């Protein structure tokens, strides 16, 4: 079993010749199988793998009392797991309380975990063994040549027929695209329907409970979320009715007559609730400053300035919905939004 | 020590085990391989456990996830919550909710042990991602991504990214108000991809305009089939490559590029590693039992027109959400087309960051002109530029993460949130530069003193010898190990003599291994 080696080249591995003792030979103890140190039998024993390691040593090897103590500790850990597992069963039967389940489950894992680790630390051999990393990292040159030969046997044959390769390339492209077609069944073509909501001329604004709204229902400084009657599930349609009361509301020339003036001020105005940044509902309204904030990314819109963004990442004003009062005194839309609501997209322009 | 009886019993066990192994070898010829498996050595360092913690939490995720999948209903169908006999969550009774939301309420309130499974699953996901981040930092700062381990760095990055998306789809499945706003944001980010790709993609994924009617069925397939398949597949490759290449180790006495020092796989490492797995389980289930997470019954069901204040993603995606918050209100509108604002912080900036991270082994190679293979790790201080860059990246990500919490921090500190956002915007530029400078100086100082970063103060320690000479501690102990100073011109292999010798060897001036 013993292997001797002749090792004279200096500086080959970490230790250098000094530690090989100058005689250039290292004696491997009898009965030592080099395989257990990552060394093939017959191969020279490397300088950076000590030959005299006690790789069977464990912590309490020479301390029978300590070993017995460790054994008892580890056993106690496993008994803890045993008890906790029975506890878990009992908890399940009796009401399945979440906290008690957490205690039992946690303790069961804890007992096993601590037990395993103590067992490994105190009673198991093989700490701090030094072995060779072996020859696995790279292959010898002749094997590299061999694999290149194997590869070229096929690739040479293929390269001789460029026409076949070209057709195959074309097939790969076209067939690849063809196999993607089933994916088109996943959804409809976008077309331009991101640009429209369900609001139309004369459609009543209703609350989340489906109740139509009269201007009198909205005291100054109030705000409510409304949806187009009959289209409650249109996720782009949520609209905020805000009564700014007598506060001066800047009416953009193109938006003349889109609000319901009151008390000499802007009165009731309607803006899309869908943030122009990333589409969250802009739902936090500051009644003192007439500012609307989206809690997702802190975009802030000044309602009195036609819902212009005054802070945060939103790049555009919230679109305004033209509203008026119908013959029965309820708030209705004059038309759909005049521009796409919500976040941007390529074709929005 | 052993008695005759013990020796005889050991002999019997050996014979019995050998007989069984002979049967195996008759069929597979596997003995040589099995020896290398059982004898395999894993170096010991506490930081090497973190990757194991990621793997352990993944195992917990798989088991708790299978359990939850048996009860979850991926449907956006509108139902009225009534609860089941016995356990009813009164505030929601009579409310319109989706079937998905109702099924998660059922798991929470009616399935015995359902809540602890849900909470353990969610906590395990947070631990999984935390371990991945930490593991990634360890690999980066110690140069473990260098040749021959570049592929595993890339696989690891993919695992991080898929795990993040897996986490996102997971916490979106309950269809509660909080996660619903997150889905809306993701739709908007996808929609923002130029050349109409975004609109097409969003329409294909959601089957039309947000929120559609089919998305939860698809998200369920993604969350419980496609992503787990990718994660398990990539992790298998990750571990097989690790196994093949063997673990890296820190430099130390008697450690070389060609040897490996540590604990044998069987029995000691198996028990230690299994024990760690059990401890991860213990922590996860204690948390799952005691610490409430994602109480969707308090958030309420999702509607497109409702939102709660303080809406935030789970922590591992916070940097992305912070990016959306801190990016200025720019967007590109011209020629009748538009590149919307979310595209830049939501896709372009992450894409640039990811590109740099994927290319990092190649970049690092060029910076340090170090093309050799390495099994011994760098001490972070010995590569000040890389370490400082890593610190700058951590500051950058932390600033973005704080950005996500800007509204909550503002609420707690009474700093106006506008000011806080502006501070974080400035911090995003200035912070990494400052972090880089401090880390670079710290590395240089640590190199001079060779001190442990948290055990000794920075700066030189001077001592006087018996014959009156003065020396700076750590400058030269004559063992060629201390006093690592980066060579002029940053040639990088040479931080201490042995390392440069190793580098020469791998480059071929010195034979890489014994030539028989």
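Residue numbers (my numbering), protein chains in the order written: chain A, 553 to 901; chain B, 2 to 517.
Backbone N, C-alpha and C define an ideal beta-carbon position, used for all residues, glycine too.
Predicted model only: the values in this text are computed from it and were never measured.
- In this chain, the beta strand (DSSP E) harbouring residue 791/A covers 791-795.
- Under DSSP, the beta-bridge partners assigned to residue 465/B are 471/B.
- Under the Cβ distance rule, residue 409/B does not count among the residues neighbouring chain A, no pair being separated by less than 7 angstroms.
- Shown here, residue 441/B sits in a helix according to DSSP, grouped into three states.
- Those residues of the segment 141-153 of chain B placed with their C-beta closer than 9 angstroms to a C-beta in chain A are 149, ordered along the chain.
- The beta carbons of residue 142/B and residue 385/B sit no closer together than 7 angstroms.
- With at least 16 other beta carbons inside 10 angstroms of its own, residue 76/B counts as buried.
- The contact set of residue 644/A on chain B, defined by CB atoms closer than 9 angstroms, consists of 113 and 114 in chain order.
- Chain-ordered listing is empty here: chain A has no CB closer than 7 angstroms to the CB of residue 137/B, the nearest sitting near 24 angstroms.
- At a Cβ-Cβ threshold of 7 angstroms, residue 424/B and residue 265/B do not count as neighbours.
- A buried status is given to residue 361/B, since no fewer than 16 other beta-carbon atoms sit within 10 Å of its beta-carbon.
- For residue 884/A, the three-state secondary structure derived from DSSP is strand.
- At a Cβ-Cβ threshold of 7 angstroms, residue 204/B and residue 739/A count as neighbours.
- Taking the Cα positions, residue 185/B is about 14 angstroms away from residue 344/B.
- Within the segment 821-833 of chain A, contact with chain B at the beta-carbon level (separation under 7 angstroms) is assigned to 825, 829, 830, 831, 832 and 833.
- Taking a beta-carbon distance threshold of 7 angstroms, residue 668/A counts as an interface residue toward chain B.
- Per DSSP, the continuous beta strand (DSSP E) segment holding residue 838/A begins and ends at 836-838.
- In the three-state scheme derived from DSSP, where H, G and I count as helix and E and B as strand, residue 734/A is classed as helix.
- One thing to note: residue 297/B has its Cβ within 7 angstroms of the Cβ of residue 177/B.
- Taking a 10 Å sphere around the C-beta of residue 472/B, we find fewer than 16 other C-beta atoms and assign the residue as exposed.
- Contact annotation for residue 370/B against chain A: no contact, minimum CB-CB distance about 21 angstroms [criterion: below 7 angstroms].
- Between the C-alpha atoms of residue 438/B and residue 391/B there is a straight-line separation of about 12 angstroms.
- When Cβ-Cβ separations below 7 angstroms define contact, residue 279/B makes contact with chain A.
- Taking C-beta separations shorter than 7 angstroms and ignoring five residues to either side along the sequence, the partners of residue 813/A in its chain run 819, following chain order.
- The criterion of a C-beta distance shorter than 7 angstroms is not satisfied by residue 758/A and residue 788/A.
- If you draw a 10 Å sphere on the C-beta of residue 657/A, you find 16 or more other C-beta atoms in it, and that means buried.
- Around the beta carbon of residue 710/A, fewer than 16 other beta carbons lie within 10 angstroms, which makes this residue exposed.
- Bounds of any beta strand (DSSP E) do not take in residue 342/B, whose DSSP letter is neither H nor E.
- Residue 98/B has 80/B as its beta-bridge partners, per DSSP.
- Residue 192/B is classed as buried because its beta carbon has at least 16 other beta carbons within 10 Å across all chains shown.
- In the three-state scheme derived from DSSP, where H, G and I count as helix and E and B as strand, residue 256/B is classed as coil.
- Put simply, of 699/A, 795/A and 791/A the residue whose alpha carbon is nearest the alpha carbon of residue 889/A is 791/A.
- Interface with chain B (7 angstroms Cβ-Cβ cutoff): residue 593/A is excluded.
- The contact set of residue 262/B on chain A, defined by CB atoms closer than 9 angstroms, consists of 680, 681, 682 and 683 in chain order.
- Identification of chain A residues near residue 466/B by a Cβ-Cβ cut-off of 7 angstroms yields none; the smallest Cβ-Cβ distance measures about 25 angstroms.
- DSSP places residue 824/A within a strand segment (E or B) once states are collapsed to three.
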